[in-house]
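Protein chains: 2
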Amino acid sequence: MDTRNIEALLRIISTLLLALTACLVRFDSQTKHLFYTLTKKATFKDMNALYVLVWIDTAVAIYSVLQLVRYMILPGFRKDLTASNKYFGWGIYLLDQAAAYVVFGGNTAAVQASMFAVTGEKSLQWMKLCNRFTRFCTQIGGALVCGYIAAIVMAITSSISAYALFRLYSPNNFLVLKGK
Amino acid sequence: MDTRNIEALLRIISTLLLALTACLVRFDSQTKHLFYTLTKKATFKDMNALYVLVWIDTAVAIYSVLQLVRYMILPGFRKDLTASNKYFGWGIYLLDQAAAYVVFGGNTAAVQASMFAVTGEKSLQWMKLCNRFTRFCTQIGGALVCGYIAAIVMAITSSISAYALFRLYSPNNFLVLKGK
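Protein chains in written order, with the working numbering: chain A, 1 to 180; chain B, 181 to 360.
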């Protein structure tokens with residue numbers, strides 16, 4: 001099995017997981033009656049971290065699709081990287097790294113923000129909210145698990161990009177390409 | 181310049197930055213008079229994310245020191261990786277990746293938690309606190325900037341570990357070592 005095929009498969013998986021995460025967070029809402037006629041609706045806009053997460057996951061999913069399009073349409077890039085397009089390989093590697101860290105970071109920020117909603121923070125007098133909006137919080141929790149799986153898949157993808165790029169270099173000389 | 185020397189330099193820098201971050205957060209405290217005799221002392225223990233960050237940064241700083249010790253004491257590992265110790269190279273690469281993601285994630289969670297303390301979250305009735313504990317919050321902010329620089333340095337270190345490992349492999353066959 002070629003690195004390019006594994007890479008394409010991983011990109012499809014991460015695109016689907018990112019889209020799923022974004023949709024689960026975006027379309028999550030729960031309305032609760034507090035007193036007589038007073039109702040409160042919980043949505044992803046109540047927390048900045050969730051709002052940012054939806055944008056990050058959407059953007060990175062589009063990036064993954066673009067990478068797949070490159071793989072499927074441009075015939076020159078279906079083959080393994082060679083010395084002649086190593087700068088292209090560097091670009092893909094750096095973008096993949098950045099994408100993996102951005103998804104991981106956005107997800108971690110959302111988990112941290114949600115933790116406050118689950119447990120509250122007594123010393124700062126922040127009250128917990130998930131005891132009232134249970135279904136809403138469960139759906140967010142599921143979305144964040146998906147998001148972490150996507151981040152792990154993207155970390156593996158960036159390792160494969162690193163492998164495809166760095167194996168072009170000589171093991172004896174620093175940053176010198178290996179002769180064929 | 182050899183990869184091993186760049187790697188050692190980056191590890192020294194990240195150890196220092198991680199230790200600095202951990203100390204800045206750990207020893208930050210501010211006492212404020214609220215009413216007549218009522219005082220409130222802000223420390224890193226008020227927020228779980230900061231508490232976890234101190235532990236993460238301390239643990240990863242110790243890991244970096246151990247990597248430096250390996251580099252300085254064991255003569256066999258001062259040379260570049262060769263095909264004979266490639267499994268060792270895989271171990272270092274995976275540990276470096278994990279360390280970089282853990283530091284980045286811990287720091288991002290702390291930033292997210294601190295954002296609530298700076299801005300509050302009106303829709304959830306969480307009040308901001310940094311208008312009262314300004315000096316405390318400024319020191320935490322400085323620590324988190326250090327933490328992010330450390331995370332970037334560690335990401336570069338793990339790229340170098342990837343380079344040192346993957347350049348041993350053949351560019352034509354999948355996961356086959358290149359002949360000398």
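Yeah, the Cβ is synthetic: ideal placement off N, Cα and C, and Gly gets one too.
Nothing here was measured: the structure is a model prediction, and the numbers come from that model.
Residue burial classification, residue i (beta-carbon count within 10 angstroms, cutoff 16)
i                      : result
residue 182 of chain B : exposed
residue 224 of chain B : buried
residue 264 of chain B : exposed
residue 261 of chain B : buried
residue 182 of chain A : Outside the shown range of chain A (1 to 180) lies residue 182 of chain A, about which nothing can therefore be said.
residue 25 of chain A  : buried
residue 360 of chain B : In this prediction, residue 360 of chain B has a pLDDT of 47, which is less than 50 and means its spatial position is unreliable; what the coordinates show is noted afterwards. Result: exposed.
residue 62 of chain A  : exposed
residue 227 of chain B : buried
residue 267 of chain B : exposed
residue 201 of chain B : buried
residue 350 of chain B : exposed
residue 253 of chain B : exposed
residue 216 of chain B : exposed
residue 11 of chain A  : buried
residue 345 of chain B : buried
Spatially closest choice to residue i from the options, by CA coordinates
i                      : options                : result
residue 310 of chain B : B:210, B:341, B:329    : B:210
residue 317 of chain B : B:207, B:246, B:192    : B:207
residue 244 of chain B : B:345, B:334, B:228    : B:334
residue 303 of chain B : A:37, A:117, A:11, A:9 : A:117
residue 150 of chain A : A:100, A:8, A:71, A:36 : A:100
residue 141 of chain A : A:152, A:115, A:121    : A:115
Proximity of residue i and residue j at Cβ, strictly below 8 Å
i                      : j                      : result
residue 287 of chain B : residue 328 of chain B : yes
residue 144 of chain A : residue 176 of chain A : no
residue 285 of chain B : residue 105 of chain A : yes
residue 312 of chain B : residue 212 of chain B : yes
residue 194 of chain B : residue 276 of chain B : no
residue 282 of chain B : residue 240 of chain B : yes
residue 131 of chain B : residue 229 of chain B : With chain B represented from 181 up to 360, any question about residue 131 of chain B goes unanswered, as that position is not in the structure.
residue 341 of chain B : residue 273 of chain B : yes
residue 53 of chain A  : residue 146 of chain A : no
residue 19 of chain A  : residue 71 of chain A  : no
residue 128 of chain A : residue 119 of chain A : yes
residue 109 of chain A : residue 278 of chain B : no
Partners in chain B for residue i, counting only beta-carbon separations shorter than 8 Å
i                      : result
residue 46 of chain A  : 301, 303, 304
residue 129 of chain A : 304
residue 136 of chain A : By Cβ distance, chain B contributes nothing, its closest Cβ being about 12 Å from residue 136 of chain A, past 8 Å.
residue 116 of chain A : 293, 296, 306
Amino acids of chain A, ordered along the chain, whose beta-carbon sits closer than 8 Å to that of residue i
i                      : result
residue 285 of chain B : 104, 105, 108
residue 343 of chain B : 162, 166, 169
residue 391 of chain B : Here chain B has residues from 181 to 360 only, and residue 391 of chain B is not among them.
Contact list for residue i against chain A, beta-carbon separation under 7 Å
i                      : result
residue 293 of chain B : 112
residue 188 of chain B : The premise fails here: residue 188 of chain B is roughly 14 Å from chain A at the closest Cβ pair, so nothing lies under 7 Å.
residue 348 of chain B : 171
residue 229 of chain B : 112
Closer than 9 Å at the beta carbon, the chain A residues around residue i
i                      : result
residue 250 of chain B : Those do not exist, as residue 250 of chain B stays about 20 Å from chain A at its closest Cβ, beyond 9 Å.
Within chain B, partners of residue i - CB distance below 7 Å
i                    : result
residue 3 of chain A : 354
Heavy atom of the ligand SAM within 7 Å of residue i beta-carbon
i                     : result
residue 40 of chain A : Among the ligands in the structure shown, none appear at all, so the ligand SAM cannot be discussed.
Please give me, in chain order, every unbroken run of the alpha helix (DSSP H) with length at least 4 that falls completely inside the segment 14 to 99 of chain A.
48 to 73
Ordered list of alpha helix (DSSP H) runs contained in the segment 100 to 174 of chain A, each at least 4 residues:
134 to 166
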